[in-house]
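Quick note: the sequence shown uses numbering that gives the first Met the number 0, first residue 0, plus one each step.
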Amino acid sequence: MIVKRITNQKKSTNKSTRIKGLIEYILGISNKQSNQVKCDYTGARGFFTTHWSSQAAEMLALSLESARSKDPISHFILSWQRGEIPRNEQIDDAVGTFLKVLGLEIHQTIYAVHRDTHNRHLHIVLNRVHPLSMKPIEINGGFDVEAAHQAIAWIEHEQGWRSEKRSRYFVDVTGMLCISSAKTRGIDQPGSSQREMEIRTGEKSAQRTALEVSSTIFWQAKSWRELHQKLADVGISYEKVGGGAVLYVGGVGV
């Protein structure tokens with residue numbers, strides 16, 4: 000399975016327009032999308048009403064309770080591999096698992112399955128504002144995509160779906176969530192020049208050290224502070240450079 004978080008490209012859009020537009024799109028009732036989107040199945044959780052327009056009003060009302068949060072609505076897409084066709088009850092269970100891992104079990108959620116591509120995919124629109132505290136929840140300390148990857152590992156395990164070759168997580172035979180190794184993600188080898196240097200000198204390159212040591216730290220860290228501390232503990236520093244970043248291993252930039 001693949002999971003993506005769809006970012007809001009129109010930051011200036013008000014909450015009412017964003018919520019209504021998202022829900023209309025995933026349900027296939029948008030004037031612009033009605034002839035393209037083929038919606039197979041829909042569901043909703045955390046609402047008092049049953050019609051989508053009333054649920055949109057409920058979601059807007061709750062989101063307005065959090066005045067400081069300009070956009071408390073999150074949009075995720077879960078996609079199955081080609082040929083995999085989940086049953087409706089499996090869709091409901093997948094949504095339940097996804098919300099549980101993200102810590103949003105009682106939050107307002109609307110979801111729909113589309114079949115307008117070769118892969119069945121599930122759109123999930125959720126309101127991060129807690130229905131009791133009226134405060135927005137920061138998913139996994141801000142690392143929401145990481146939590147989403149953990150969620151699909153559990154869904155694959157529970158329902159028997161195939162995982163992607165470079166999936167970040169998997170659930171082992173003992174039922175433990177595990178981080179995929181660098182090798183399974185296809186990033187276990189440094190570049191050709193670094194490998195040649197290793198052969199000549201017999202020493203491990205800085206790039207190999209960064210791949211082997213830092214990869215697990217990156218997947219496990221829950222915050223930037225924790226990331227920097229754990230990297231420092233193994234002699235690696237992380238510095239922003241331009242639009243990216245560089246890892247320094249023993250003073251050598253990677």
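The beta carbon of each residue, even a glycine, is placed where N, CA and C say it ideally should be.
On a predicted model such as this, the values are computed, not experimentally measured, just so you know.
For a cut-off of 8 angstroms, the C-beta gap from E57 to F75 is around 20 angstroms, too long to register as a contact.
By the criterion of at least three beta-carbon pairs nearer than 8 angstroms, the region 82 to 100 is not in contact with the region 57 to 74.
Apart from the 5 residues on each side of it in sequence, I154 sits with its Cβ closer than 6 angstroms to the Cβ of A93 and T96 in its chain, given in chain order. Just so you know, the alpha carbons of G159 and I151 end up roughly 11 angstroms apart. Relative to W223, the option among G140, S132 and L26 whose CA is nearest is G140. Per DSSP, the continuous beta strand (DSSP E) segment holding E238 begins and ends at I235 to V240. Burial state of H50 is exposed, judged by a 10 Å Cβ sphere holding fewer than 16 other Cβ atoms. Within the same chain, Cβ atoms closer than 6 angstroms to the Cβ of L101 are found at I138 and A146, the five residues on either side in sequence being excluded. When R44, G252, S179 and E195 are compared, the shortest CA-CA separation from V124 is found for R44. M0 counts as buried, since no fewer than 16 other beta carbons sit within 10 angstroms of its beta carbon.
Here the alpha carbon of A60 sits roughly 40 angstroms from the alpha carbon of A244. Taking the Cα positions, K10 is about 8 angstroms away from K69. Secondary structure in the region 75 to 141: the beta strand (DSSP E) runs of 3 residues or longer, each lying completely within the stretch, are 108 to 113 and 120 to 126 in chain order. Of the candidates T12, K99, D39 and H120, the residue whose Cα lies closest to the Cα of P71 is T12. For the set Y110, G241 and G242, the Cα lying nearest the Cα of I90 is the one of Y110. Taking 8 angstroms as the upper bound for CB-CB distance, P130 and I105 are in contact here, some 6 angstroms apart.
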